[in-house]
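Residue numbers (my numbering), protein chains in the order written: chain A, 473 to 749; chain B, 473 to 749.
Right, dumping it as structure tokens:
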């Protein structure tokens with residue numbers, strides 16, 4: 473997916489929502505749990521219910537791997553379903569991969585070629601040659617961890633280096649010399665809007681993927697204030713608050729309602745910021 | 473696996489070798505490529521050929537994921553084969569995972585419960601709550617990235633913090649307050665023995681998993697000098713130099729010869745250091 477296509481879709485849908493597919497088989501409504509490939513069936517319902525409000529879907533690989541081979545099959549089917557029915561929506565494999573070059577090349581093959589994802593989240597700790605193999609695919613994206621939404625982000629990401637920068641700032645500064653904003657984004661956790669603003673000043677034209685709104689307590693308005701740029705430049709992810717909006721037979725409608733609510737909040741923010749009329 | 477069992481096995485086999493199962497279907501000997509589930513068949517041959525010299529097997533998940541569902545099945549079968557026939561050998565899933573708590577819990581389930589690995593490599597960037605869920609399993613291990621063997625380790629790991637420590641030293645210092653040496657190890661790349669020595673001084677009684685000997689150019693003697701402690705305390709991994717020692721019909725024998733050569737070098741090191749008679 474090209475950056476221009478992503479922006480066009482945001483403006484068309486009046487939304488910068490990404491729906492996280494962290495599908496937990498134990499949280500799927502009871503009546504669906506008995507279906508064959510319940511995870512895929514649930515995802516299909518969620519995707520159909522929320523596609524009108526979302527510009528991205530973000531399957532979290534851990535929730536599939538933990539079900540073994542059948543989980544991997546659900547993941548393959550989920551991405552194939554999105555690519556077939558909603559090819560305009562960005563699929564971000566939330567996989568947090570990263571290893572030495574010959575291994576990262578394999579992960580890139582797994583996610584970009586085998587699974588046909590548009591983007592993958594990558595951990596920066598191993599540096600340039602662990603990230604580079606993911607950058608060799610046209611119209612595919614790396615979403616590098618900058619600042620994450622969890623409390624552990626204080627342990628290393630927020631440490632100060634002897635050059636005066638925080639580690640997360642150094643990661644962003646270095647990474648923007650590795651790749652342009654047409655193929656690199658950053659994860660910037662919703663729970664720290666003041667740090668999102670610092671990252672925005674370092675990387676003015678890059679997209680940020682912002683998790684942590686919803687179940688993790690991040691505030692959409694604060695995130696937008698800190699992160700928006702003239703091309704919108706943020707994708708805000710919500711997972712649990714949409715997927716499990718209801719645990720009953722109406723779960724898909726409840727998910728649609730929740731996604732629409734976020735879309736409407738986003739729309740008013742975009743209008744307020746003169747990014748939409 | 474308990475630490476005492478790991479040490480007992482090292483002393484019994486007179487070896488601290490870990491064989492990396494980075495099985496690349498394109499590098500498997502031609503006559504084997506046609507077999508159904510060629511990757512598993514190749515692994516089985518390598519495992520049988522090298523088990524006498526190895527105390528660990530380390531499947532690298534990228535090489536399996538890149539083959540899609542069939543790759544995941546090969547990975548499951550490979551680990552199950554090791555656990556059945558060589559239960560005394562440690563299985564380290566080289567997966568470099570790490571995410572927010574609810575997601576790391578899923579990865580722990582995937583690798584410790586579904587796949588039955590004894591250990592998993594974990595990336596530290598997201599801090600304590602991303603590592604903690606892996607620590608809740610009895611006799612299972614976290615192998616945290618400290619200092620990796622690749623050139624990109626200079627980008628962030630080797631940056632100096634304003635407290636005077638390098639980032640990799642901070643990772644090790646913090647992590648040893650999170651877990652004891654009975655369930656936590658560190659990855660310390662073979663290509664930087666002087667830094668392995670610094671990590672050893674910070675974490676005297678922890679095991680180190682040392683990749684980078686062989687194809688990546690690390691020197692076994694230098695690694696041993698820097699890393700050994702009174703309980704041996706290091707596992708040295710070799711992957712490509714063993715797996716692809718021959719690309720012909722004799723690949724398993726060639727792998728055995730290569731593994732035995734490393735075992736013998738390790739044995740003389742252990743004798744020289746008075747850790748064996």
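C-beta atoms are modelled at their ideal positions from N, C-alpha and C, and glycine is treated no differently.
Since the structure is predicted, the reported quantities are computational estimates derived from the model, not experimental observations.
For this session: Run down chain B in chain order and give the residues with a C-beta less than 7 Å from the C-beta of residue 581 (chain A).
Result: Residues of chain B passing the Cβ test: 538.
Problem set entry | Beta-bridge pairing of residue 598 (chain A) - partner residues as DSSP gives them | Under the DSSP definition of a beta bridge, residue 598 (chain A) lacks any partner.
Exercise. Considering residue 609 (chain A), what are the terminal residues of the beta strand (DSSP E) in which it resides?
Worked result: For residue 609 (chain A), no beta strand (DSSP E) encloses it, and the DSSP letter there is neither H nor E.
Problem set entry | For residue 527 (chain A) and residue 568 (chain A), believed in contact at Cβ under 8 Å, the rounded distance | That belief does not hold up - the Cβ atoms of residue 568 (chain A) and residue 527 (chain A) are roughly 21 Å apart, past 8 Å.
Problem set entry | Distance between residue 585 (chain A) and residue 555 (chain A) (C-alpha atoms, nearest Å) | Their Cα atoms are separated by approximately 13 Å.
Exercise. CA-CA distance, residue 607 (chain B) and residue 574 (chain A)?
Worked result: Their Cα atoms are separated by approximately 29 Å.
For this session: Say whether the region 641–660 of chain A touches the region 653–668 of chain B, bearing in mind that this needs 3 or more beta-carbon pairs closer than 8 Å, one atom from each stretch.
Result: Taking 8 Å as the limit for Cβ pairs, the verdict is that the region 653–668 of chain B does not touch the region 641–660 of chain A.
Exercise. Does the region 595–611 of chain A come within contact of the region 618–631 of chain B, defined as at least 3 CB pairs closer than 8 Å?
Worked result: The region 595–611 of chain A makes contact with the region 618–631 of chain B; the number of CB pairs closer than 8 Å reaches 3 or more.
Problem set entry | alpha helix (DSSP H) segment containing residue 511 (chain B), residue limits | Per DSSP, residue 511 (chain B) belongs to the alpha helix (DSSP H) from 510–522.
Exercise. Would a check of beta-carbon distances place residue 515 (chain A) closer than 8 Å to chain B?
Worked result: No - not a single Cβ of chain B is within 8 Å of the one on residue 515 (chain A).
For this session: Please specify which runs of the beta strand (DSSP E), each continuous and at least 3 residues long, are wholly inside the region 526–555 of chain A, giving them in chain order.
Result: Scanning the region 526–555 of chain A for uninterrupted beta strand (DSSP E) segments of 3 residues or longer gives 526–531, listed from N- to C-terminal end.
Exercise. What is the DSSP secondary structure of residue 414 (chain A), counted as helix, strand or coil?
Worked result: Past the edges of chain A, shown from 473 to 749, lies residue 414 (chain A), and the structure says nothing about it.
Problem set entry | Test: residue 649 (chain A) CB closer than 8 Å to a CB of chain B | Put simply, the CB of residue 649 (chain A) is far from chain B, with every gap to its CB atoms at 8 Å or more.
Exercise. Quick one: what's got a C-beta closer than 6 Å to residue 521 (chain A)'s C-beta in the same chain, skipping five residues either side?
Worked result: Cβ within range, chain order: 724, 727, 728.
For this session: From the DSSP output, in three-state form, read off residue 680 (chain B) for me.
Result: Assignment of residue 680 (chain B) by DSSP, reduced to helix, strand and coil, places it in the strand class.
Exercise. Out of curiosity, what's the CA-to-CA distance linking residue 516 (chain B) and residue 722 (chain A)?
Worked result: Near 49 Å, if we compare the C-alpha coordinates of residue 722 (chain A) and residue 516 (chain B).
Exercise. Listed from N- to C-terminal order along the chain, which residues in the region 545–556 of chain B have their beta-carbon within a distance smaller than 7 Å of any beta-carbon of chain A?
Worked result: Listed by position along the chain: 545, 548.
Problem set entry | Through-space distance from residue 696 (chain B) to residue 595 (chain B), alpha-carbon basis | About 24 Å.
Exercise. Would a check of beta-carbon distances place residue 597 (chain A) closer than 8 Å to chain D?
Worked result: Protein chains in the displayed structure are A and B, and chain D is not among them.
Problem set entry | Proximity winner among A:478, A:473, A:488, A:483, relative to residue 735 (chain A) (alpha-carbon distances) | The option with the nearest alpha carbon to residue 735 (chain A) is A:488.
For this session: Report yes or no: is there a C-beta of chain B within less than 8 Å of the C-beta of residue 600 (chain A)?
Result: Residue 600 (chain A) counts as touching chain B.
For this session: Buried or exposed for residue 746 (chain B), please, with buried defined as at least 16 other CB atoms from any protein chain shown within 10 angstroms of its CB.
Result: Residue 746 (chain B) should be labelled exposed.
For this session: Taking a Cβ distance cut-off of 9 Å, strictly less, list which residues of the region 692–707 of chain A are near chain B, in chain order.
Result: Correct list: empty, as no residue qualifies.
Problem set entry | Buried versus exposed, by CB contacts within 10 Å (16 or more), residue 636 (chain B) | Exposed is the call here.
Exercise. Given that a residue counts as buried once 16 or more other Cβ atoms are within 10 Å of its Cβ, and exposed if not, what is residue 530 (chain B)?
Worked result: With a 10 Å radius around the Cβ and a threshold of 16 neighbouring Cβ atoms, residue 530 (chain B) comes out buried.
Exercise. Between the C-alpha atoms of residue 577 (chain B) and residue 688 (chain A), what's the straight-line distance to the nearest angstrom?
Worked result: The straight-line gap separating the alpha-carbon atoms of residue 577 (chain B) and residue 688 (chain A) is approximately 16 Å.
Problem set entry | Minimum Cβ-Cβ distance from residue 532 (chain B) to chain A less than 8 Å | Closer than 8 Å to some Cβ of chain A, the Cβ of residue 532 (chain B) qualifies, so yes.
Exercise. Which two residues bound the contiguous alpha helix (DSSP H) that contains residue 670 (chain A)?
Worked result: First-last of the alpha helix (DSSP H) with residue 670 (chain A): 665–674.
Exercise. Roughly how far, in whole angstroms, is the beta-carbon of residue 514 (chain A) from the beta-carbon of residue 500 (chain A), given that I think they are within contact range, below 8 Å?
Worked result: Their Cβ separation, rounded to whole angstroms, is 5 Å, which keeps residue 514 (chain A) and residue 500 (chain A) in contact under 8 Å.
Exercise. Ordered along the chain, which non-local residues of its own chain (more than five positions away) have a Cβ less than 8 Å from that of residue 691 (chain B)?
Worked result: Counting only Cβ-Cβ distances below 8 Å, and skipping sequence neighbours, we find 662, 665, 685.
Problem set entry | Under 8 Å between C-beta atoms of residue 674 (chain A) and residue 703 (chain A) | Not in contact: residue 674 (chain A) and residue 703 (chain A) (Cβ atoms no closer than 8 Å).
Exercise. Using 8 Å as the limit for Cβ to Cβ distance, is residue 467 (chain A) near chain B?
Worked result: As displayed, chain A neither begins before 473 nor continues past 749, which places residue 467 (chain A) out of reach and without an answer.
For this session: Whole angstroms is fine: what's the gap from residue 628 (chain A)'s alpha carbon to residue 683 (chain B)'s?
Result: Distance between the alpha carbons of residue 628 (chain A) and residue 683 (chain B): 23 Å.
Problem set entry | Spatial neighbours of residue 491 (chain B) in its chain, beta-carbon cut-off 6 Å, leaving aside the 5 residues before and after | Cβ contact annotation for residue 491 (chain B) (same chain, cutoff 6 Å, sequence separation greater than five): 522, 526, 529, 714, in chain order.
For this session: Give every residue of the same chain whose Cβ lies closer than 7 Å to the Cβ of residue 442 (chain B), excluding the five residues on either side of it in the sequence, and list them in chain order.
Result: Given that chain B is displayed from residue 473 to residue 749, the structure contains no residue 442 (chain B) and the question cannot be resolved.
For this session: Would you identify the three-state DSSP class for residue 574 (chain B), choosing helix, strand or coil?
Result: For residue 574 (chain B), the three-state secondary structure derived from DSSP is helix.
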